[in-house]
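Engineer: Next up is a structure, given as structure tokens.
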Amino acid sequence: MGNTILKWTANLLFSLAGLIIVWALKSIWYGAVYAVRHPRTSTALGLVGGAVLLLGWETVVALVGLLVITGSTWKAAHQGSWDRFVGEFLRTWLRRWWTYRRVWERVMRRCGLVVEVDDEIHYPQIRKVSTTPFWDRLAIDMQVGQEIGEWTSAGEKLRHAFNGERIAVREIKPRGVELSLMRRDPFLHVPVPAATMPACTEDIDYTALPVGLTEYLEPFTVSVVGGHLSGAGTAGSGKAGVEWNVFRALAPAIADGSVRLTFIDPKGVELRQGRALLQDQERDYASTAPAVKDLLARLVDDLEELKEERGEAGERDHVPSPETPLNLICIDELAPLLAYWPRATRDKIEDSLGILLTQGRALGYIVIGLVQEPTKDIFRVRDLFQRRLGLRLPTEDHTDAALTDKAVDRGAGCHNIPESLPGVCFALADGEKAAIRARLGYVRDQDIADLIAHVQRLREAARFEARRTAAGEEKEAA
Numbered sequence: 001m002g003n004t005i006l007k008w009t010a011n012l013l014f015s016l017a018g019l020i021i022v023w024a025l026k027s028i029w030y031g032a033v034y035a036v037r038h039p040r041t042s043t044a045l046g047l048v049g050g051a052v053l054l055l056g057w058e059t060v061v062a063l064v065g066l067l068v069i070t071g072s073t074w075k076a077a078h079q080g081s082w083d084r085f086v087g088e089f090l091r092t093w094l095r096r097w098w099t100y101r102r103v104w105e106r107v108m109r110r111c112g113l114v115v116e117v118d119d120e121i122h123y124p125q126i127r128k129v130s131t132t133p134f135w136d137r138l139a140i141d142m143q144v145g146q147e148i149g150e151w152t153s154a155g156e157k158l159r160h161a162f163n164g165e166r167i168a169v170r171e172i173k174p175r176g177v178e179l180s181l182m183r184r185d186p187f188l189h190v191p192v193p194a195a196t197m198p199a200c201t202e203d204i205d206y207t208a209l210p211v212g213l214t215e216y217l218e219p220f221t222v223s224v225v226g227g228h229l230s231g232a233g234t235a236g237s238g239k240a241g242v243e244w245n246v247f248r249a250l251a252p253a254i255a256d257g258s259v260r261l262t263f264i265d266p267k268g269v270e271l272r273q274g275r276a277l278l279q280d281q282e283r284d285y286a287s288t289a290p291a292v293k294d295l296l297a298r299l300v301d302d303l304e305e306l307k308e309e310r311g312e313a314g315e316r317d318h319v320p321s322p323e324t325p326l327n328l329i330c331i332d333e334l335a336p337l338l339a340y341w342p343r344a345t346r347d348k349i350e351d352s353l354g355i356l357l358t359q360g361r362a363l364g365y366i367v368i369g370l371v372q373e374p375t376k377d378i379f380r381v382r383d384l385f386q387r388r389l390g391l392r393l394p395t396e397d398h399t400d401a402a403l404t405d406k407a408v409d410r411g412a413g414c415h416n417i418p419e420s421l422p423g424v425c426f427a428l429a430d431g432e433k434a435a436i437r438a439r440l441g442y443v444r445d446q447d448i449a450d451l452i453a454h455v456q457r458l459r460e461a462a463r464f465e466a467r468r469t470a471a472g473e474e475k476e477a478a
């Protein structure tokens with residue numbers, strides 16, 4: 001009997017020892033994995049633990065207090081350097097652990113983003129968290145069996161779960177998804193100035209003119225070659241920012257003749273103040289129905305002549321230059337041309353506009369058209385504009401009509417833009433499934449005056465240089 005009890009006790013102790021050893025080995029393994037995956041956090045915890053053992057907790061508390069006081073003083077004295085060297089690290093660390101990892105599994109279960117296999121629950125893994133003063137970006141490894149559509153569908157659930165103002169979901173690699181969560185709207189805190197005027201024509205990239213900032217505070221660009229550009233928005237939405245920012249970004253090219261502007265200004269207000277930018281203020285400006293009809297007809301005739309010249313020369317690609325300028329036809333409001341003016345005039349205008357939109361882009365005839373009411377019965381030529389911007393609009397139907405079918409499903413929220421944010425727009429870029437949210441630079445009357453003065457100075461400098469060169473040649477000839 002006694003031997004049996006001893007044997008049972010020995011087996012129990014042996015089993016307990018084995019369990020303890022296994023638990024210890026697992027703990028060491030998990031600790032090592034954690035340390036490799038999170039070196040900064042594990043290093044910080046190790047340093048704090050070592051300091052407590054070597055110096056005592058009283059000394060460590062005093063040092064922490066000193067660090068807090070020093071950091072607070074630094075932040076108050078120089079916010080910029082604090083954010084660059086300390087603030088971003090602390091913000092990212094806190095949000096990674098407190099906002100996301102602490103509740104990650106619970107949120108994934110409730111949003112239906114887990115995979116269950118044989119009664120085991122497999123969770124998506126956070127690979128990386130990065131932050132800015134306005135955004136959090138989470139790089140996530142999806143579980144096998146998941147697809148990007150599940151994350152897109154759960155976007156609003158995730159936004160509410162993590163208390164974000166906006167969310168963007170995109171695939172960054174196979175099985176990799178990125179969540180971008182806006183904590184606060186940068187457009188409420190960061191002003192977006194008018195586009196900078198380049199120093200010379202050589203500095204202009206016609207395929208990427210900077211006209212504002214995206215909501216990630218990165219340059220927002222538009223192209224004025226290879227396709228036409230439209231902008232739709234209600235009154236006061238900031239549509240004029242499309243035109244004036246483009247003009248400022250093209251200032252030296254306008255001055256040397258590499259870009260030739262044509263203004264169609266049915267309201268007779270917005271573009272009138274920029275007539276000094278035109279090479280021929282009488283010939284290249286129209287505001288009444290008959291004048292617009294004649295102007296567009298002349299442009300079509302010029303296009304036909306250029307088509308024959310290019311065909312004979314065997315030229316296919318258009319490169320803007322003073323000899324072969326980019327003809328930028330700016331229409332401040334499309335609605336009168338397509339819906340409101342007398343039908344006979346309107347039909348001829350629409351015929352000419354159709355030719356320019358279908359044949360002009362390859363020959364350097366590019367249309368920038370703005371419209372206040374982009375409904376299908378008015379904005380019938382929408383699909384002939386390859387690049388489209390949607391500013392503030394009244395309904396989801398208007399948003400789809402301005403951009404493309406189901407644009408709202410792709411994240412274009414033109415109908416949600418408040419009146420307090422003029423210039424905010426959505427665009428659909430090539431290769432991107434989600435809509436881009438941006439804000440056009442705010443162009444003041446003074447910015448327009450500066451643009452005109454700058455172009456006139458450049459033109460006068462070019463004329464002076466031409467006169468000096470001519471005088472030098474005459475002197476050499478004599």
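Counting in full-length UniProt numbering, the sequence shown runs from 1 upward without gaps.
Ideal Cβ placement from N, Cα and C applies to all residues, glycine included.
Note that the structure is predicted; figures quoted are calculated from it, not measured.
Check whether the region 247 to 259 and the region 192 to 207 touch, using three or more Cβ-Cβ pairs below 8 Å as the test.
Structural biologist: Judged by Cβ distances under 8 Å, the region 247 to 259 makes contact with the region 192 to 207, as three or more pairs qualify.
Engineer: Taking only three categories from DSSP, how would you classify R96?
Structural biologist: R96 falls in the helix class under three-state DSSP.
Engineer: Which word fits R283, buried or exposed, when buried means at least 16 other C-beta atoms lie within 10 angstroms of its C-beta?
Structural biologist: Exposed: under 16 other Cβ atoms inside 10 Å.
Engineer: In the DSSP assignment, find the beta strand (DSSP E) that holds P219 and state where it starts and stops.
Structural biologist: Segment 219 to 222, the beta strand (DSSP E) holding P219.
Engineer: For G233, which residues from the same chain have a beta carbon less than 6 Å from its beta carbon, with the 5 sequence-adjacent residues on both sides left out?
Structural biologist: Answer for G233: K239, L391, R392, listed in chain order.
Engineer: How close, in whole Å, do the beta carbons of V115 and Q143 come, if the pair is a contact with beta carbons under 8 Å?
Structural biologist: Yes, V115 and Q143 are in contact; Cβ-Cβ is about 4 Å, under 8 Å.
Engineer: Where do the ends of the alpha helix (DSSP H) carrying S237 lie?
Structural biologist: It is not in any alpha helix (DSSP H) - S237 carries neither H nor E in the DSSP assignment.
Engineer: Which residue from K475, A461, D445, A435 puts its Cα closest to that of T152?
Structural biologist: When each option's Cα is compared against that of T152, the closest is A435.
Engineer: For a quick check, are the C-beta atoms of R439 and F220 less than 9 Å apart?
Structural biologist: Cβ distance < 9 Å, so R439 and F220 count as in contact.
Engineer: Should C330 go down as buried or exposed, given a rule of 16 or more other Cβ atoms within 10 Å for buried?
Structural biologist: Label assigned to C330: buried.
Engineer: Using the C-alpha atoms, what's the distance from L403 back to T395?
Structural biologist: If I take the Cα positions, the gap works out to 13 Å.
Engineer: Cutting at 7 Å between CB atoms, please list the residues of its own chain near Q273, excluding the five before and the five after it.
Structural biologist: Closer than 7 Å at the Cβ level, and outside the excluded window around Q273, lie I448.
Engineer: For R95, which residues in the same chain have their Cβ closer than 8 Å to its Cβ, ignoring the five residues on either side in sequence?
Structural biologist: Counting only Cβ-Cβ distances below 8 Å, and skipping sequence neighbours, we find V129, T131, D136.
Engineer: Would you give the residue range spanned by the beta strand (DSSP E) that W135 belongs to?
Structural biologist: Here the beta strand (DSSP E) through W135 covers 135 to 141.
Engineer: Flag this pair as yes or no: are the beta carbons of L326 and V224 separated by less than 9 Å?
Structural biologist: Yes; because the gap between Cβ atoms is below 9 Å, this pair is in contact.
Engineer: Contact defined as beta carbons within less than 8 Å: I believe V371 pairs with I378. What is the distance between those atoms, to the nearest angstrom?
Structural biologist: Between I378 and V371 the Cβ distance is about 7 Å, and since that is below 8 Å, they are a contact.
Engineer: Using CA coordinates, which residue listed in P322, E218, A339 is at the minimum distance from P266?
Structural biologist: Minimum Cα distance to P266 is reached at A339.
Engineer: What residue range does the alpha helix (DSSP H) around K348 cover?
Structural biologist: Run containing K348: 343 to 359, per the alpha helix (DSSP H) assignment.
Engineer: Consult DSSP for P210 and reduce its assignment to one of helix, strand or coil.
Structural biologist: Three-state result, P210: strand.
Engineer: Under a three-way DSSP split, which group does M197 fall into?
Structural biologist: M197 falls in the coil class under three-state DSSP.
Engineer: Going by other Cβ atoms of all chains shown within 10 Å of its Cβ, with 16 needed for buried, is R388 buried or exposed?
Structural biologist: It is buried - the Cβ of R388 has at least 16 other Cβ atoms within 10 Å.
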